[in-house]
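Numbering (this note's numbering), first residue to last: 4 to 198.
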């Protein structure tokens, strides 16, 4: 086997990177429970912050590990964004349920993520792929940063900062959603994936 040959099937599930991603999905309810149990402190706790940080590191590690071990798979390409959405939306809904987040920005983000996920699935059924933009990567960073600040005890009583960051995340989420739909429409019209 040469260095550039993949070591796993393109449809493989049990790769090191995919196992890390699946562990993030399976462990995510623990984070939600920690947030909900910290209602008296606005959902903030060092346990939630540390676990969230671990999730963030694992999200960076699994992609690099997949590339380093030649284990970039179709399953991984599906699981990684799914894990991101499970963690982000689960945390946002948890923080909304205890009054840390206002319902409107959470609703906008949830609807956008569900719509784009459905749209991506529709494109995939037509064998069309639309790559993520650089702004979409920053959107994910903005969402993660907002959640980390929101659960960090240091910022428990600094509501204006949490609200500001949340609305910045909303703006980036909606803009990147519009960009994705526009790119997807071009790909659908031309019948070929975008690069």
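Glycine included, each C-beta is placed from N, C-alpha and C at the ideal position.
Everything numeric in this text was worked out from a predicted model, so none of it was measured.
- Excluding five sequence positions before and after residue 48, the CB atoms of its chain that fall closer than 7 Å to its own CB belong to 37, 41, 154, 156, given in chain order.
- Here residue 167 is exposed. Its C-beta has fewer than 16 other C-beta atoms within 10 Å.
- In this structure, residue 126 and residue 190 form a Cβ contact; the two beta carbons are roughly 7 Å apart against a cut-off of 8 Å.
- Below 8 Å, too few C-beta pairs join the stretch 115–124 and the stretch 53–73 to call them touching: fewer than three.
- With contacts defined by Cβ atoms closer than 8 Å, residue 128 and residue 180 do not form a contacting pair.
- Looking at 135, 24, 70, the one whose alpha-carbon comes closest to that of residue 83 is 24.
- For residue 64, the three-state secondary structure derived from DSSP is helix.
- For residue 134, the secondary structure class from DSSP, reduced to helix, strand or coil, is coil.
- In the structure shown, the three-state DSSP call for residue 104 is coil.
- In terms of CA proximity to residue 108, 165 leads the group 46, 30, 165, 34.
- The alpha-carbon separation between residue 117 and residue 92 amounts to approximately 10 Å.
- Taking the Cα positions, residue 101 is about 33 Å away from residue 135.
- The alpha-carbon separation between residue 138 and residue 176 amounts to approximately 9 Å.
- Counting only residues of its own chain and dropping the five nearest sequence neighbours on each side, residue 173 has a CB closer than 8 Å to the CB of 108, 111, 112.
- For residue 38, the enclosing alpha helix (DSSP H) covers residues 19–40.
- Contact check for residue 46 against residue 97 passes: the beta carbons are separated by less than 8 Å.
- Collapsing the DSSP output to three states places residue 182 in a helix.
- Taking residue 159 as the centre and dropping the five residues before and after it, the same chain places the C-beta of 44, 45, 47 closer than 7 Å to its C-beta, in chain order.
- Here DSSP, grouped into helix, strand and coil, assigns residue 193 to helix.
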